[in-house]
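Quick mapping for you: the protein sequence lines, in order, are chains W and Z. Using my numbering, the first residue of the first sequence is number -10, and each one after it goes up by one. Using my numbering, the first residue of the second sequence is number 261, and each one after it goes up by one. Glycine is no exception: its CB is placed at the ideal position from the N, C-alpha and C atoms. As the structure is a prediction and not an experimental result, all values here were calculated from the model. First the structure, in the form of structure tokens, and then the observations on it.
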Amino acid sequence: MLANLLTRTLSGFVTLVVVLVIVFFALEALPGDACTAYLERDARDALLAACRERFGLDEPVPARFSSWAMALASGDLGTSILRDRPVGDILWPRFRNTALLAGVAAAMAVPIALVFGTLAALRQDGVFDIAASTVVLVAMTVPEFVIATVLVFIFAIWLQWAPAVVTVSAGAPVGDLIGAIALPAAVLTTTLVAHAMRVHRATVVEYLAFEFVEAARLRGLPKWRIVLFDVLPAALPPTLSVTAVSLAGVLGGVVIIERVFNYPGLGTLALQAILERDLPVLQGAVAVFAVTYVLLAITADLLTELLDPRTRRGTS
Amino acid sequence: MTYRDTLSGRPWRRAALSLFVGILLWPTDMFVGSTAQAETLRIAHPLGNGGKENVDPIHRNRFYPVTVMLYDGLLRPDEAGRPSPSLATQWESSPDLREWIFILREGVTFHDGSALDSDDVVFSLRRVLSEEIGSPLRSTLAIMAEIEALDDRTVRITLDAPNADFPTMIMHYLFRVVSSEGQDESLDAIYESGVGTGPFKLTTLDAEGTTVLEANPDYWDGAPGVPMVEVIAIPDSEARIQALLAGQLDLVRRVNPQQLALFQNRDGFEVQTFATGDWTSLVMRTDTPPFDDVRVRRALRLLVDREAIVRTVLGEAGGSVSCDTPVWPGDPYHVAQECPPDLEEARRLLAEAGYPDGLDVELHTSGLNALMVEVAQVYQAQAAEAGVRVNVRMAPSDGYWSNVWMQRPFVAAVWSQRPAAQILSEAFLSGANWNDSFWDNEEFDALLAEARATIDFEERKAVYARAQQLIWEDGGSMIAFFPNRVRAYSDTLSGVQPVHDFFLRWHEITKAE
């Protein structure tokens, strides 16, 4: 168990390093740099040279790579090229906001997936099941930005129940964000529910066919009791684990959702950093995304192992 | 061990139950409506400087449009675009047009209560020339050789050469008067206090979120029509439109032609179209073959059907045709020209230049600006009719200004509105920093110098007209049009003048509840 965890952590670390190296050289391969992005039409001759010298961009690629890697190894994320602020200071509130968005979405998605997944499983192939499965399929295939636009038109523009865009800055108190988080969280929830519900329904269907359910029914226990206290708890681990994996899977979607709703999270920051060619900020944001992805994947695995009696028996 | 036993004593039951209860108790009041602020004017800004925005009006990272609300210039354009009084009420030049005297308005105070005097103006002008600040305005105003205060209300500026249009140059929207108080005479520091004489005062600066300004009740041009302004960072143009439609914004400064449809059949919004002097050009390097032959570049400009480009590219918003001059119809030095397409003459010129079967050219453009791509594509189609085969090459937006523009022989470019007196020397004078066609025409250079030294307006206009005619005959830039711009706003607003944002009088806007 512990060895397993160590292996996973190690492979996660390797993944992280590979991702960061790829991002460094990918950004390097693009034409232009932070100075041409900043100076635009003035990016010529002496002015351009002075800017590059000031931000150390005139040094050769290998030299910049090694100094960046050395700093990172000692835990220094670096300084934003044009903002003159430590990357950590810029990242932290953004990370908090994205975590808040993802957290709220997950907290809404899990119960919804449980209720609807169970109901669908109980009336397998019934009207509700077919309807729910259809909705799930649609929700899984329609891109996030389409769902987002539709929700904005219905709830922000037509009904005016929720704001269309977030107008607070990254460092605002959580209370200010919560009020504006409804629509972005709803989009993320929709995607998560779709994935989690599908798995949950399948698991419940599978468990309902087990002998212990039949035995319990023969002992005269009411069906709702069996479902609530036996089947559901057993089916919970796979659902949670899938939610964790899908949460990791929708991180890319988070970037789009944040942009559409003007949400001050890591996604909008990463986009901005690409446009500005601000390598340290982009690296920081990518690192946080990568770490999150790896952690969620490990969590999903651990959840499955810890909670599911079958896998636990298998590994011990 | 039965399955039941495995589960007993574990908290799953309670967890499952509390999850269900959780759903029921999930706060439903989360979806509350937006906070409508009846009297606040709410606009968006695109976060163009990524949160590095500062309130120094002349800095590259200036927080526009906040800076034009906080500060005033010496002069501002009147309805005809000519210089009119702002902080300066009178101005005059010496007979040789080298010395300019500006008399300041009486009784103007800064937001901190201190009085405006000539020291503030001298300080503001001198810091424009600071190398350390590196203002984009620096090269334009580098003609100022000496700046001095003659008394409390009189400033004298001595130029390094005669310039009849210095008032137009000083009217540039970037030039604003800041307070010299507490600046320790340092001309190189970024001006961060936000203290100006403008119609609004800075309350909260939050470039990445919502910046709040409040009305300056003592404003010399009358108290503003709204008590408060909020400037909200929304980088995405679609998101800005959605925010306007959802009632989170009162005005969107720029609406794309594709977005116009959203406002049709929708009550509660005004769509305002106004002319601008922005331009898109296809630029040939006149120092590089085949464009070093005037017959080639003339042919490549003669074949253009400008009316068709306006219809195809600008759509509903529209615009006006240009005959390759950067001087727009709203400029005092604009001259009406006609330039219908002449394919025969174009073919004849090409044949004369040694291309009887037409020629192949490579045109570089970029998605940096949608118009740059669209103009290139329409041009490609039109050129084909004259036997010119244009290969449109898409270059990356990243580094376009350094790697493609002023590098490749034939490229697309975009420019924002500038007065004739400025743009003709900025982009057409030989050797100028931004002379992107590398045009070197002694006659044109001489005409510019002559115009600057001509006192009489009509005479000067005639000289500028000759200079523009020369651009048409010999130049390397194809400029087809000046596009109109469209802004949209809530119909609760009134007093939004149909002029470029640079010169919008924000304090004249009022908002009904």
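- Taking the Cα of Arg72(W) as reference, the smallest distance to any Cα among Leu284(W), Leu285(W) and Leu258(W) is reached at Leu258(W).
- Taking all protein chains shown into account, Val6(W) has fewer than 16 neighbouring C-beta atoms within 10 Å of its C-beta and is therefore exposed.
- At a cut-off of 7 angstroms between beta carbons, Thr179(W) makes no contact with chain Z.
- For Gln443(Z), the closest alpha carbon among the candidates Thr463(Z), Pro484(Z), Ser497(Z) and Ser384(Z) is that of Ser384(Z).
- Within the same chain, Cβ atoms closer than 7 angstroms to the Cβ of Asn309(Z) are found at Asn321, the five residues on either side in sequence being excluded.
- With respect to chain Z, the C-beta atom of Ala159(W) has a partner C-beta closer than 7 angstroms.
- Cα atoms of Ile143(W) and Gln149(W): separation of roughly 8 angstroms, rounded to the nearest angstrom.
- A Cβ-Cβ distance of about 18 angstroms is found for the pair Asp316(Z) and Glu468(Z), leaving them out of contact under the 8 angstroms criterion.
- Taking 9 angstroms as the Cβ-Cβ cut-off, the region 453 to 477 of chain Z approaches chain W at Asp466, Ala467, Glu468, Gly469 and Thr470, given in chain order.
- In the DSSP assignment, Ser737(Z) forms a beta bridge with Val543(Z).
- Straight through space, the alpha carbons of Ala286(W) and Glu294(W) are spaced by roughly 13 angstroms.
- Remark: three or more beta-carbon pairs, one from each stretch, lie closer than 8 angstroms, so the region 595 to 607 of chain Z and the region 720 to 737 of chain Z are flagged as touching.
- With 16 or more other CB atoms across the displayed protein chains lying within 10 angstroms of its CB, Asp510(Z) is buried.
- Shortest Cα-Cα distance from Thr68(W) to any of Arg43(W), Met186(W), Pro49(W) and Arg85(W) involves Arg43(W).
- Not one beta carbon of chain Z lies nearer than 7 angstroms to the beta carbon of Ile119(W).
- Distance from the CA atom of Pro75(W) to the CA atom of Gln667(Z), rounded to whole angstroms, is 36 angstroms.
- Among the CB atoms of chain Z, one or more fall inside 7 angstroms of the CB of Val141(W).
- The beta carbon of Pro656(Z) sits closer than 7 angstroms to some beta carbon of chain W.
- Across the structure, Lys721(Z) and Gly367(Z) are spaced so that their CA atoms are roughly 36 angstroms apart.
- In terms of Cβ geometry, Ala613(Z) and Asp552(Z) do not form a close pair [threshold 7 angstroms].
- In the DSSP assignment, the residues bridged to Tyr749(Z) are Leu511(Z) and Glu530(Z).
- Annotation: the region 363 to 422 of chain Z contains the following complete segments of the beta strand (DSSP E) (minimum length 3 residues), in chain order: 404 to 411 and 414 to 419.
- Between Lys771(Z) and chain W, the shortest Cβ-Cβ separation is not below 7 angstroms.
- By the rule that beta-carbons nearer than 7 angstroms mark a contact, Leu505(Z) touches chain W.
- The region 643 to 650 of chain Z makes no contact with the region 674 to 694 of chain Z: fewer than 3 CB pairs, one atom from each, lie closer than 8 angstroms.
- Taking CB atoms only, Glu200(W) has no neighbour in chain Z less than 7 angstroms away.
- Counting along the chain, Leu335(Z) sits inside the beta strand (DSSP E) bounded by residues Leu335 to Pro337.
- Proximity to Pro459(Z) across Phe370(Z), Thr536(Z) and Phe323(Z) peaks at Phe370(Z), based on C-alpha coordinates.
- In the structure shown, Ser580(Z) adopts extended strand secondary structure according to DSSP, grouped into three states.
- For Arg53(W), the enclosing alpha helix (DSSP H) starts and ends at Val50 to Ala62.
- The alpha-carbon separation between Ile403(Z) and Arg513(Z) amounts to approximately 33 angstroms.
- The Cβ atoms of Tyr331(Z) and Gly482(Z) do not sit closer than 7 angstroms to each other.
- Residue pairing by DSSP places Ala304(Z) opposite Ile492(Z) in a beta bridge.
- Annotation: Leu103(W) to Val194(W) spans about 13 angstroms, alpha carbon to alpha carbon.
- According to DSSP, residue pairing for Lys212(W) in a beta bridge does not occur.
- Per DSSP, the continuous beta strand (DSSP E) segment holding Leu623(Z) begins and ends at Leu619 to Ser626.
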